[in-house]
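Protein sequences appear in the order of chains A and B. The numbering used here applies: residue 2 is where the first sequence begins, and numbers increase by one. The numbering used here applies: residue 525 is where the second sequence begins, and numbers increase by one.
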Amino acid sequence: MNAVAENTLPHQGWLEAWRERVVHPEAPAWLTELRELGWSRFEMFGFPSQRAEHWKYTRVSALESSVFAPADLSIDIAAAQAKVQQLGLAAEDRIVLVNGVVRDELSQLPSVNGYIGSFADLLRNDPDRVRAFLGAIKRNHHIEKPDRNNLRGEPFAALNSACAIDGAAVVLDNNVALEKPLHVVHLYTSAGSMPRNLFLLGQCADAKVVEWQLSLGDDAVFANAITEIGLGENAQLKHERVQNFNNQSWFIESVCTDIHKHARYIGNEYALGSKLARVDTLVDLKAPGSETHLNGMYLPFGTQHIDCHTRIRHQAADCISRQLYKGVADKRGRGVFNGRVEVARDAQRTDSEMQNRNILLSKFAEIDAKPELEIYADDVSCAHGSTIGQLDQTAMFYLRSRGLAKEQAEAILTWAFAAEVVETTDHDVVRGYLLDALAERLPGGDKIRSLDSDLEAGE
Amino acid sequence: MEELDRKPKTSDDDHVDELLNRDYEAGFVTDIESESLPPGLDEGVIREISKRKEEPEFMLEFRLNAYRDWLKMTEPEWAHVNYEKVDYQSISYFSAPKLNDGPKSLDEVDPELLATYEKLGISLKEQEVLAGVQGAPKVAVDAVFDSVSVATTFKETLNEAGVIFCPISEACREHPELVQKYLGTVVPTSDNFFAALNSAVFSDGSFVYIPEGVRCPMELSTYFRINAANTGQFERTIIIADKGSYVSYLEGCTAPMRDENQLHAAVVELVALDDAEIKYSTVQNWYPGDENGKGGIYNFVTKRADCRGVNSKVSWTQVETGSAITWKYPSCILTGDNSVGEFYSVAVTNKRQEADTGTKMIHVGKNTRSTVISKGISAGRSNNSYRGLIKILPNAEGARNYTQCDSLLMGDQCGAHTFPYIEGKNPTAQVEHEATTSKISEDQLFYCLQRGLSEEDAVGLIVNGFCKEVMKNLPMEFAVEAQKLLGISLEGSVG
Chain A
2 MNAVAENTLP HQGWLEAWRE RVVHPEAPAW LTELRELGWS RFEMFGFPSQ RAEHWKYTRV
62 SALESSVFAP ADLSIDIAAA QAKVQQLGLA AEDRIVLVNG VVRDELSQLP SVNGYIGSFA
122 DLLRNDPDRV RAFLGAIKRN HHIEKPDRNN LRGEPFAALN SACAIDGAAV VLDNNVALEK
182 PLHVVHLYTS AGSMPRNLFL LGQCADAKVV EWQLSLGDDA VFANAITEIG LGENAQLKHE
242 RVQNFNNQSW FIESVCTDIH KHARYIGNEY ALGSKLARVD TLVDLKAPGS ETHLNGMYLP
302 FGTQHIDCHT RIRHQAADCI SRQLYKGVAD KRGRGVFNGR VEVARDAQRT DSEMQNRNIL
362 LSKFAEIDAK PELEIYADDV SCAHGSTIGQ LDQTAMFYLR SRGLAKEQAE AILTWAFAAE
422 VVETTDHDVV RGYLLDALAE RLPGGDKIRS LDSDLEAGE
Chain B
525 MEELDRKPKT SDDDHVDELL NRDYEAGFVT DIESESLPPG LDEGVIREIS KRKEEPEFML
585 EFRLNAYRDW LKMTEPEWAH VNYEKVDYQS ISYFSAPKLN DGPKSLDEVD PELLATYEKL
645 GISLKEQEVL AGVQGAPKVA VDAVFDSVSV ATTFKETLNE AGVIFCPISE ACREHPELVQ
705 KYLGTVVPTS DNFFAALNSA VFSDGSFVYI PEGVRCPMEL STYFRINAAN TGQFERTIII
765 ADKGSYVSYL EGCTAPMRDE NQLHAAVVEL VALDDAEIKY STVQNWYPGD ENGKGGIYNF
825 VTKRADCRGV NSKVSWTQVE TGSAITWKYP SCILTGDNSV GEFYSVAVTN KRQEADTGTK
885 MIHVGKNTRS TVISKGISAG RSNNSYRGLI KILPNAEGAR NYTQCDSLLM GDQCGAHTFP
945 YIEGKNPTAQ VEHEATTSKI SEDQLFYCLQ RGLSEEDAVG LIVNGFCKEV MKNLPMEFAV
1005 EAQKLLGISL EGSVG
């Protein structure tokens, strides 16, 4: 089937607005070229239709009729300040972005050998440093093979390449370790934003980064983000992402990681909010001994639609990958998990596992799971498992027999189900945030809050 | 049988060499006069097929509707296979061995044809039984040669039980009400590209009707043989199990070795009413092409069962060793409450074969259950994919599915892939999916070798063990043949 014929281009006014926004007469020629490539690719692809295999369960055609012009950048700083306070990040090292642009007055940047700060500044001051990487990582994943029936995040990535003006940049020289975790806080007030992040870790560098993607206020937002990550030999990055947009907002993201020899990428994804969220986590294990662990949790409640795609490509021998994704869908929520492990011919002795577990809490909720394996090497050990079910009825009965109300028992078991993923976080502030978010959504949620603090007090 | 017996005499190198060099056994061509329509497809060809089959009016209408649907459709490209597209205007859509007025009894069947089936190990003589095993149950066979059914055995015995087992062209003439009632109700004409093509041009196939409360007295079997060059085979099989009945049906297929690719696009429709059970087994051994991927059958098949009645059950068992390209997803629509669907599959690919096969289980009714066990073995330069859909609809209270797909890789040039689709819309349903991919364990191999087995035999033993869960679901005669086939298909892929 020809998927492209049915893909659609957005409202013309939208594109025009973005084009005007990104015109920079003094930009280097190569950057303009990259942007033009983005434009032409996006115009070629359009928004993917559900006929494209990787968009089978996620419909973005409603985007074409809405106009998400570039967001206004002159916003009320106080509200953003308050949000940072409320998250408990006032004392933490952080890069704060509002509508995709770094706000120095809200940020607290650690000084390191390398660069931490605004992507736009880095591009302006040291373009050659960025040039080698910009788009290179993503190109591996996206642009090289524009196979129309196999479109993943390509159309949105191309749009981002055309439109991005800023994002968070973390560049660590060889042997640099960040002492404290770095929080990257993305806040969005309204309209459209296309942040672009770049995390480059040199040899033996080590960092913990927590990314927050949050709405500021109740307006609808369209955020189309790309994060490019490159890990040098023996480097290690623990990357946690918390997404909690309001229920009017669209969130599309591609996280593309290249991992070199003996380096390790740990990616935790917590998808809570948005009207529709689609995240593609793409990891290339490019050299022997590299390793990745992906953990994810998605909670489509209400009428939310949350789609988590992962793709791990084992391109060299002796690499390890692990995935654990858990989903809970309630009300009319719909969760999609599509995990894919690809093992190239030379990637002998690959060790790969993927686990996906889902729970449906309501009669109208839906989960679609597609755990895939594509294997061309023979000396491998690959396994995956996927389940969809409900909360354990015997456990429910036990809790009920102890005098808990149905909602409370449900809340406790749901939290217990999610805990396997939540407990992999290194940060109390993340854990606390997730606990609160879940407690807020579940009718018996207060119980898990009190139970949790009881437990803590007990310790 | 010799392959099974060869375990004790392992060090016989000549024997191994002989086996290694042997190729597709069923690849001979029968020199028989046949009548074919010239290549090409248009409404005239369809009218001609319908006329030759002396079909009632509704059949022609059905075909023409399907043809018009087909013209609007495009060939599916989502499967994980690569092949040269078929030129649908260069195939002859009808080929039949020349017969005078059709045989009245088996004695009148062309001896050349009988010899062909004899050579394939399928006896059409009623007093004989398959595989020469004494005391084995009798099997009624419908033999389909190119586009027509040439013989059906044991008709009288079946008649006594009220079972209808005949070529579908005969059913169209003699039981039009049954055909009209069920044809196209499970696989509609516009279902997919190949099903539409089949609906337009299908020439023959088997029709089975088991009346209420009858347990079919013997296994039913259809043996498909493509012989003529430049033809496609488009057979259509319909099996209806009325309330409380049971039938076990077997299907086998072979084709000569030819350099060009031949198309086999079949449609199978099963209907199980209340408390009925259908067991459908396939041993598919179409010509797979040579080492370089030249020739071989394109096996593009739509098989679907509708478990309409409460407590009904359909079980698919398949052993797929042949075909250059396989595109096949035997499915169950579990409409009736408490209905059960099962799918057991072994798919072996070697040389340059490509298989994209699996199942669909659609849970509609309450407390419906399904089990999927799929074993894929890839060797040589082949690609073997499992593609399956488990769909739980909102009303399928208490539905239950268990899926297990295991892949075995033999050699570093082949690929094994798993593409499961799981869609859950009911919170009381439980769906489980598990998949593993690995190669033959060195430890197991070592153990067998130090016990004195040759490597070839050791691998045979391990592979048979890997497939055991599926094989045990085959009727006995078929299990013997299937095990033999597994051995042959994998020869030369070790070491």
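Glycine included, C-beta positions come from ideal geometry on N, C-alpha and C.
| Query | Result |
| --- | --- |
| Give me the Cα-Cα distance between A:V97 and A:S112, rounded to the nearest whole angstrom. | 16 Å |
| Any contact of the stretch 185–193 of chain A with the stretch 70–85 of chain A, i.e. 3+ C-beta pairs under 8 Å? | yes |
| Whole-angstrom Cβ separation of B:E921 and B:T952, contact assumed at under 8 Å? | 5 Å |
| How would you write the range of the alpha helix (DSSP H) that B:T681 sits in, first residue to last? | K679 to A685 |
| Quick one: Cα of B:L1009 to Cα of B:L588, how far? | 39 Å |
| Between the stretch 170–181 of chain A and the stretch 196–216 of chain A, are three or more C-beta pairs nearer than 8 Å? | yes |
| Is it a yes or a no for the stretch 409–421 of chain A touching the stretch 246–258 of chain A, going by three-plus beta-carbon pairs under 8 Å? | no |
| Report the residues of the stretch 46–61 of chain A with a CB closer than 9 Å to any CB of chain B, ordered along the chain. | E54, K57 and Y58 |
| Residues of chain B with a CB under 8 Å from the CB of A:V381: which are they? | L933, T961, S962 and K963 |
| Is it right to say A:S402 is buried, meaning 16 or more other beta carbons lie within 10 angstroms of its own, or is it exposed? | exposed |
| Looking only at C-alpha atoms, which of A:G433, A:M195 and A:L201 sits nearest to A:Q214? | A:M195 |
| Under the rule that 16 or more other beta-carbon atoms within 10 Å means buried, what is A:K407, buried or exposed? | exposed |
| Helix, strand or coil for B:D625? Go by DSSP, reduced to three states. | Since pLDDT at B:D625 reaches only 47, below the 50 mark, its modelled position is unreliable, and the value read off the structure follows with that caveat. Residue state, collapsed to three classes: coil. |
| Please compile the residues from chain A whose C-beta is within a distance smaller than 8 Å of the C-beta of B:N950. | L361 and K364 |
| Is the Cβ of A:Q391 closer than 7 Å to any Cβ of chain B? | yes |
| Does DSSP put B:E801 in a helix, a strand or coil? | strand |
| Please state whether the Cβ-Cβ distance between B:T881 and B:K915 is less than 7 Å. | no |
| Would you say A:T388 faces chain B, with C-beta separation under 7 Å as the test? | yes |
| Is the CB of B:G912 under 7 Å away from at least one CB in chain A? | no |
| Using a Cβ-Cβ cut-off of less than 7 Å, list which residues of the stretch 175–193 of chain A approach chain B; keep chain order. | none |
| DSSP on B:A655, reduced to helix/strand/coil? | Because the pLDDT at B:A655 is just 36, under 50, the model does not fix this residue reliably, and the point stays unresolved. |
| Can you give me the C-alpha to C-alpha distance between B:G833 and B:Y706, rounded to a whole angstrom? | 14 Å |
| Alpha carbon to alpha carbon, how far is B:K577 from B:T713? Give it in angstroms, no decimals. | 20 Å |
| For the stretch 286–301 of chain A and the stretch 258–277 of chain A, state whether three or more C-beta atom pairs, one from each stretch, are separated by less than 8 Å. | yes |
| Could you confirm whether any beta carbon from chain A is found closer than 7 Å to the beta carbon of B:D814? | no |
| Classify B:F758 as helix, strand or coil using the three-state DSSP reduction. | coil |
| Listing by chain order, which chain B residues have their CB less than 7 Å from the CB of A:I368? | G948 |
| Per the DSSP calculation, B:Q877 is bridged to which residue(s)? | Paired residue(s): none; B:Q877 is not in a bridge. |
| As a quick exercise: from A:L392, A:L277, A:T426 and A:A224, pick the residue whose alpha carbon is nearest that of A:Y58. | A:L277 |
| Cα separation between B:S723 and A:S66? | 41 Å |
| Can you tell me where the beta strand (DSSP E) with B:D930 in it begins and where it stops? | R924 to M934 |
| Taking the C-alpha atoms as reference points, what is the distance between A:I253 and A:Y399? | 41 Å |
| Would you mind sorting B:P600 into buried or exposed? The rule is 16 or more other CB atoms within 10 Å of its CB. | exposed |
| Using beta-carbon positions only, say whether A:N359 and A:I313 come within less than 7 Å of one another. | no |
| What residues in its chain sit with their C-beta under 7 Å from that of B:E567, if we drop five residues either side in the sequence? | L588 and Y591 |
| Could you name the residues of chain B that A:K407 contacts, counting a contact when the two beta carbons are closer than 7 Å? | In chain order: nothing, as chain B lies at least about 14 Å away. |
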